[in-house]
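S.K.:
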Amino acid sequence: MTHMFTVNTDNQTFEFNTEQLENLGFNQTGSNTFTLIENNKVYTLELIELNGKLVTVSINGRKETFEIKDSLDLLVDQLGLAVTNNERVDSVLAPMPGLVLKMMVAKGDAVEEGQPLLILEAMKMENVIKSPTAGVIKSIDVEVGAAVEKKKVLLVFE
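Each residue of the sequence shown is one higher than the last, beginning at 9 in the numbering used here.
1) Just to confirm, is the Cβ distance from Leu44 to Tyr51 under 8 Å?
2) At what residues does the beta strand (DSSP E) containing Val161 begin and finish?
3) Rounded to whole angstroms, what is the Cα-Cα separation between Glu54 and Leu32?
4) Using DSSP with H/G/I as helix, E/B as strand and the rest coil, what is Thr141?
5) Does the Cβ of Asn25 have 16 or more other Cβ atoms within 10 Å, making it buried, or fewer, making it exposed?
6) Given this structure, state the Cα-to-Cα distance separating Glu157 from Glu151, to the nearest angstrom.
7) Going by alpha carbons, who is nearest to Val7 out of Thr14, Leu62, Asp117?
8) So who's on the other strand from Gly106, going by DSSP bridges?
9) Please classify Gln28: does DSSP put it in a helix, a strand, or coil?
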């Protein structure tokens, strides 16, 4: 399966998929060092720090920090579901039309940010819907087997 990624620097955004990444020709030369040959030019890369989705790398001695986003991050951004720290989230909406395959929480459960809540099948793909915030489940507005439309309330937090 091919996944899309974006890499953001201070002034540029690069998009690529897993197939392109596999064809780049990275060679690991040490525990945190790699070489990359592109267009007959050799790049020496050293992984300096990995902090969540922020990666700091030395490229031919020049330090760069990148933010890496995968397909799910891009979908969240595209649908406007990204949450800023000062926003209170009181419910989870379906990011796309689909079929509820599995519930992973129940009413009254305390959940952490990023914890899987349910699995929604859309376009023959299983999508894990994760909690955008820490909280307690007040109500679940769908059941397993239910077809939902985009932006349908799936569950509500206290």
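Virtual Cβ for every residue (Gly too), placed ideally from N, Cα, C.
M.R.: In brief:
1) Stepping through the sequence shown from its first residue, residue 44 is reached at position 36. Stepping through the sequence shown from its first residue, residue 51 is reached at position 43. In this structure, Tyr51 lies closer than 8 Å to Leu44 by Cβ.
2) On the sequence shown, residue 161 is found 153 positions in, with the first residue counted as 1. That run of the beta strand (DSSP E) goes 161-165.
3) Taking the sequence shown and counting its residues from 1, the one referred to as residue 54 is at position 46. Taking the sequence shown and counting its residues from 1, the one referred to as residue 32 is at position 24. When rounded, the distance between both Cα atoms is 16 Å.
4) By 1-based counting over the sequence shown, the position of residue 141 is 133. Reduced to three states, the DSSP call for Thr141 is coil.
5) The residue you call residue 25 lines up with position 17 of the sequence shown. Burial call: exposed.
6) The residue given as residue 157 occupies position 149 in the sequence shown. The residue given as residue 151 occupies position 143 in the sequence shown. A direct Cα-Cα distance of roughly 14 Å separates Glu157 from Glu151.
7) With the chain running from 9 to 166 in the structure shown, residue 7 is simply not present.
8) As a first step, residue 106 is located in the sequence shown; it is residue number 98 there, counting from the start. Partner(s): Val156.
9) Position 20 of the sequence shown, counting from 1, holds the residue named residue 28. Gln28 carries a helical assignment under DSSP once its states are collapsed to helix, strand and coil.
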